[in-house]
Amino acid sequence: MLEKIALQKKFITKAQCLQALEACRGADNLDLALKHYFKKENILTDKQTNMLLDTYAGLKTIQKNQVFGNCAVDLGFVNEDRFLGEMTRQKQILSENKQPEFIGKIWIRNQTLNLEQYHKIIRQFKKEQAPQKTAGSSKPAADPEPEQTDHALDKELDCGVMLEIDICGMAAYIRKTGKFKDTVTAAKIIEQLADNGIVYGLVESSDVENFIKSSGFRINSFRVARGTDPVPGKDARIEYFFETDHLKAGDIDEDGNIDFKNRGPIPWVKKGSLLAKKFPMTEAGEGRNIFDQVLYVPPVTDIKLKYGTGVICSSDGLELHAEISGTPTLDRSNKIQVSRAFTAPNDINFETGHIDYDGEIVIKGTLKTGFKAIGHGVRVGTVDGGEIRASGDITILNGIIGGTAYARGNVSIKFVQNSTIYCLGNLTVGKEIIDSRIVTSGAVIIKNGEIISSDITCNKGLFAQHLGTEKSVPNTVTFGVDTFTARELKKIQERIEYTMDGQELIHEKLNSLSEEISRDTINTLGLVHKIDRARQENVLLSKSAGDKTAREFKSQRQVNNRLLVRLDGELNQLIDRIEKKKSRRRKFKAELSRLESTREKLKSEQSDFTQWQQCNPGVPQAVVTGQVIPGTMINGPDVSLEISKIRKNVKIFQALVSKDGDTKLEIDIVDNTKPK
19 MLEKIALQKK FITKAQCLQA LEACRGADNL DLALKHYFKK ENILTDKQTN MLLDTYAGLK
79 TIQKNQVFGN CAVDLGFVNE DRFLGEMTRQ KQILSENKQP EFIGKIWIRN QTLNLEQYHK
139 IIRQFKKEQA PQKTAGSSKP AADPEPEQTD HALDKELDCG VMLEIDICGM AAYIRKTGKF
199 KDTVTAAKII EQLADNGIVY GLVESSDVEN FIKSSGFRIN SFRVARGTDP VPGKDARIEY
259 FFETDHLKAG DIDEDGNIDF KNRGPIPWVK KGSLLAKKFP MTEAGEGRNI FDQVLYVPPV
319 TDIKLKYGTG VICSSDGLEL HAEISGTPTL DRSNKIQVSR AFTAPNDINF ETGHIDYDGE
379 IVIKGTLKTG FKAIGHGVRV GTVDGGEIRA SGDITILNGI IGGTAYARGN VSIKFVQNST
439 IYCLGNLTVG KEIIDSRIVT SGAVIIKNGE IISSDITCNK GLFAQHLGTE KSVPNTVTFG
499 VDTFTARELK KIQERIEYTM DGQELIHEKL NSLSEEISRD TINTLGLVHK IDRARQENVL
559 LSKSAGDKTA REFKSQRQVN NRLLVRLDGE LNQLIDRIEK KKSRRRKFKA ELSRLESTRE
619 KLKSEQSDFT QWQQCNPGVP QAVVTGQVIP GTMINGPDVS LEISKIRKNV KIFQALVSKD
679 GDTKLEIDIV DNTKPK
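Going by the numbering used here, 290 is the number at position 272 of the sequence shown; the sequence numbering is gapless.
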């Protein structure tokens, strides 16, 4: 209720309200916790706090009156019209920023109820303890907390002072009545306060003596005792510095549609990164009212930082850091771990989205159609229509069907069907390659399997058991040709050229902006000169005010003043334009720097591929231990040959062959069982 009142009175913003609720979450007495939070954070002034608490106390009284009155009506002690009339009067008092009074005391005072009826209503009041609706409200009223003692008291003491105690028993006030005599002693007043149970938080005797001597406390009240408010503690909490649940509903694509496959990047941290920080609990402090009764505060709870492999804890036990670079995870027991590899325990589908991770990826299930796994190295059970891109090696434990794999390392797989594979290293297949396209800078190795209806391009040669079947479409094999590296170098060169075009365009924009800023700066200096000249003329005109032609000077000064206003406006607009152009120039320079960095990385990548190409010359050969089917097309770096008859256990290679005294390049086939 406290934050609702504060919002209604516009003492706090919605953001401050949310922060306060978050800070006090878990407190048993939320209202009390919020009160101390607003005070501690200096969000409310003392005046606002007092006004807020007064309004809050008034609403609590109204709610309490509602429940008490309903009980009185239900028991037949008060008719409904009288009850509603009193409630209307009490709400009117509250609307005037005054404190309403407990309706039970009013009815005792005006003899609407006797003490026996009053106590019967109180017993019924305590039995119900159910939230009631306040008049005119569509929401349940807050719990009136009947179990809390009502300490409110207005009583005239024998010493001639009026004693007032607030409803919470946290403060006592005294003021002089018409019966008060200056001969009363401080000890007498303190004694009578003790007779009424007030023994804690009393002021000094000297302060009571000053009260006796002062003439200002017949109207104003003197606070003679004050209790100690309980101080709510704070539960320990943990703040995490990585995405504990990175999966999103999906990204928005360029057309404004939700891409449900792209559910966000997988978190990755560097070694030494801060993963979590614990904020220790703050012990609560019990309070006491003026009757020396202890005011209970709810206990606070502690929480432990739990961590496993890949995580180290700071010496003070309050921070967790990554021991290695990898994927941070938070399990259901709130234990943090960091793994070098990101592990997906099941299939990659709409539940997980694409997997894009700057490290090793382990997929224990299947990479489904339409989904991607992008990482350094990828290890997966099966690929069923999915796509893999790896800067390192790819291992597919079973097979790939209708999928695509790209690796700048080696690829190891059980079988390939209706798929496309590009790799920089070797492709090793356990069983067969069917209806697929293979492009590799290394070798294709399938010693115990066959290649059927496929297009194979390999730089380091082909090793297979069977090359085709009698009923299948013939294969095409190209060896000794590094198509993969040539393709990558072409793509890199295109990106370099695109980056350079972008740099050139930005340079043009920067030059144009610099020229505009220079012109605007010159115009600014001209405007400043005009303004200075107009001001100097005004000074001279002011000195000539006593001359006979003062009226003309006054008219000229008015013209100058209008000119100054116009020139000032033009100057401000011009300065604003210059600042905006400078801001654009800074953004262009930042983009230029980014493009330059991208170009340097691409050139380094280009150099690496060129070096690879130079260090890995092609091996134009194929070794087939089984049979090669007629119609198989063999392409070397320079010549080609279509196999015309079944050949078994042969080695096929490009070589210089001498015939009729002439030497030329041909595709040669030799029996692999005979020594070379």
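Virtual Cβ for every residue (Gly too), placed ideally from N, Cα, C.
When the options are compared against residue i, the one with the closest alpha-carbon
{"i": "T494", "options": "F502, D500 and L485", "result": "L485"}
{"i": "G87", "options": "I330, T73, A75 and G103", "result": "G103"}
{"i": "Q576", "options": "I593, N590 and R553", "result": "R553"}
{"i": "G122", "options": "E114, K138 and L112", "result": "K138"}
{"i": "K599", "options": "N579, T539, V583 and D586", "result": "T539"}
{"i": "V688", "options": "I256, I451, A673 and E450", "result": "A673"}
{"i": "D253", "options": "E40, T650, L592 and S490", "result": "E40"}
{"i": "V85", "options": "Q129, S662, Q142 and L442", "result": "Q142"}
{"i": "Y258", "options": "T246, A205, I230 and S291", "result": "S291"}
{"i": "L545", "options": "I284, F433 and I593", "result": "I593"}
{"i": "I284", "options": "P317, I379 and K197", "result": "I379"}
{"i": "R595", "options": "E534, E614 and R580", "result": "E534"}
{"i": "I321", "options": "E337, S333, T327 and K296", "result": "K296"}
{"i": "A294", "options": "Y314, E337, K197 and N477", "result": "E337"}
Separation of residue j from residue i, as counted between CA atoms
{"i": "E660", "j": "G410", "result": "35 angstroms"}
{"i": "W630", "j": "D686", "result": "28 angstroms"}
{"i": "E468", "j": "H339", "result": "51 angstroms"}
{"i": "D376", "j": "P298", "result": "34 angstroms"}
{"i": "D349", "j": "Q355", "result": "8 angstroms"}
{"i": "F101", "j": "K116", "result": "20 angstroms"}
{"i": "G420", "j": "R513", "result": "29 angstroms"}
{"i": "F6", "j": "I524", "result": "Since the displayed the chain opens at 19 and closes at 694, residue 6 lies outside it and no answer follows."}
{"i": "T681", "j": "P655", "result": "17 angstroms"}
{"i": "K109", "j": "N132", "result": "24 angstroms"}
{"i": "Y325", "j": "W286", "result": "17 angstroms"}
{"i": "K58", "j": "V242", "result": "26 angstroms"}
{"i": "N690", "j": "I510", "result": "40 angstroms"}
{"i": "I330", "j": "I342", "result": "9 angstroms"}
{"i": "D125", "j": "S224", "result": "Position check: residue 125 holds Trp in this sequence, whereas Asp was assumed. Roughly 40 angstroms between the two C-alpha positions."}
{"i": "V7", "j": "V249", "result": "Since the first and last residues shown for the chain are 19 and 694, residue 7 lies out of range."}
{"i": "V491", "j": "G498", "result": "23 angstroms"}
{"i": "D269", "j": "G393", "result": "With a pLDDT of 48 at D269, under the threshold of 50, the modelled position of that residue is not reliable, and no figure is offered here."}
{"i": "T130", "j": "E114", "result": "26 angstroms"}
{"i": "F278", "j": "G371", "result": "Caution is warranted here: a pLDDT of 42 is assigned to F278, below 50, making its placement in the model unreliable, and the coordinate value is therefore given only provisionally. Cα to Cα, the separation comes out at about 7 angstroms."}
{"i": "T503", "j": "D402", "result": "27 angstroms"}
{"i": "I201", "j": "I207", "result": "According to the sequence shown, residue 201 is Thr rather than Ile. Taking the straight line from one Cα to the other gives about 11 angstroms."}
{"i": "T347", "j": "Q483", "result": "45 angstroms"}
{"i": "P317", "j": "E304", "result": "10 angstroms"}
{"i": "Y74", "j": "S233", "result": "33 angstroms"}
{"i": "L634", "j": "T446", "result": "At residue 634 the sequence reads Asn, which differs from the Leu that was named. Going by the C-alpha atoms only, they are around 18 angstroms apart."}
{"i": "L385", "j": "E623", "result": "29 angstroms"}
{"i": "E174", "j": "A212", "result": "14 angstroms"}
{"i": "L582", "j": "E609", "result": "40 angstroms"}
{"i": "D184", "j": "E98", "result": "29 angstroms"}
{"i": "F627", "j": "T542", "result": "54 angstroms"}
{"i": "V637", "j": "L323", "result": "58 angstroms"}
For residue i, the first and last residue of its enclosing beta strand (DSSP E)
{"i": "M651", "result": "M651 to N653"}
{"i": "M105", "result": "Not the beta strand (DSSP E): M105 falls in the alpha helix (DSSP H), residues E98 to S113."}
{"i": "E174", "result": "L171 to E174"}
{"i": "R127", "result": "Not the beta strand (DSSP E): R127 falls in the alpha helix (DSSP H), residues I121 to R127."}
{"i": "D473", "result": "D473 to C476"}
{"i": "N466", "result": "V462 to I470"}
{"i": "P638", "result": "Per DSSP, P638 belongs to no beta strand (DSSP E) and is neither H nor E."}
{"i": "C331", "result": "V329 to C331"}
{"i": "A254", "result": "Per DSSP, A254 belongs to no beta strand (DSSP E) and is neither H nor E."}
{"i": "F433", "result": "V429 to Q435"}
{"i": "R236", "result": "Taken as a continuous stretch (DSSP letters only), R236 belongs to no beta strand (DSSP E), as it is neither H nor E."}
{"i": "C441", "result": "T438 to C441"}
{"i": "P346", "result": "T345 to L348"}
Extent of the continuous alpha helix (DSSP H) to which residue i belongs
{"i": "Q210", "result": "A204 to D213"}
{"i": "R244", "result": "Where R244 is concerned, there is no enclosing alpha helix (DSSP H), although the beta strand (DSSP E) it sits in stretches over F240 to R244."}
{"i": "V226", "result": "S223 to K231"}
Rounded distance between the beta-carbons of residue j and residue i, thought under 8 angstroms
{"i": "I381", "j": "A362", "result": "5 angstroms"}
{"i": "L683", "j": "V657", "result": "5 angstroms"}
heavy atom of the ligand ADP below 6 angstroms from residue i C-beta
{"i": "K322", "result": "The ligand ADP is not part of this structure, which contains no ligands at all."}
Open item on the list: What ranges does the beta strand (DSSP E) occupy inside the region 354 to 424, keeping only unbroken runs of at least 3 residues that lie completely in it?
Closed with: Complete beta strand (DSSP E) runs here, min 3: 359 to 362, 378 to 385, 390 to 393, 395 to 402, 405 to 408 and 412 to 419.
Task: Inside the region 656 to 692 only - beta strand (DSSP E) runs reaching at least 3 residues - done: Qualifying beta strand (DSSP E) stretches, in chain order: 658 to 660, 665 to 677 and 680 to 689.
Task: Every unbroken beta strand (DSSP E) within the region 468 to 529, with a cutoff of 3 residues, ordered by chain - done: Within the region 468 to 529, the complete beta strand (DSSP E) segments at least 3 residues long are 473 to 476, 480 to 485 and 494 to 497, listed from N- to C-terminus.
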